[in-house]
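According to the numbering used here, the sequence shown is numbered sequentially starting from 40. Beta carbons are placed, not taken as given, at the ideal position from N, Cα and C, and that holds for glycine. Being a predicted model, the structure only gives us computed values, none of them experimental.
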Amino acid sequence: MDDLSRAGWFTYIRPWISREIDDIVNRATQSLTQEVERLTGENEAIDRALRSKVRLAANIFNFSAEAAWSQREYHKNEFRTMNHRTGRKLAAELMLAAEGDLHHPTILANPIYGKCLLHFGPRSDH
């Protein structure tokens, strides 16, 4: 049987067998899907545990030398009167260091980081 004939027959038969084929594939891959879900859950649990240990190791991020956080030391009361452009830049650097996690253990452990995000973070009104 040539390819053209085979394609024609398959097109004719496909509506009747597609449901059975889908069932066979779903049964064959169900255990794999469950294993992926289990491993994803374990990975998230390990990630949370490691992030909690990060907080015990240090309460500051290691910023590059060019980062505004590395240029000088900030105090939590400064953010009330700080220039919005500077504050937004500091908040953006924090979010980048925390990989977008507002509840990163290092941010929660450092009140200066928390004040900066409170005034200039993604949910602020500035």
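Cβ shell of residue i (< 8 Å), same chain only, five flanking positions each side left out
i	result
Ala107	Thr125, Lys128, Leu129 and Glu132
Residue i and residue j closer than 8 Å at C-beta
i	j	result
Phe159	Ala136	no
Arg77	Pro144	no
Pro161	Met134	yes
Integer Cβ distance of residue i from residue j, believed to fall under 8 Å
i	j	result
Ile151	Lys115	5 Å
Leu141	Leu156	7 Å
Contacts around residue i, its chain only, beta-carbon distance under 7 Å, and the 5 residues preceding and following it disregarded
i	result
Asn149	Asn98 and Ile99
Ala113	Per the sequence shown, residue 113 should be read as Tyr rather than Ala. So the qualifying residues of the chain are Ile151.
Entirely enclosed beta strand (DSSP E) segments - the region 53–89, minimum 3 residues: none
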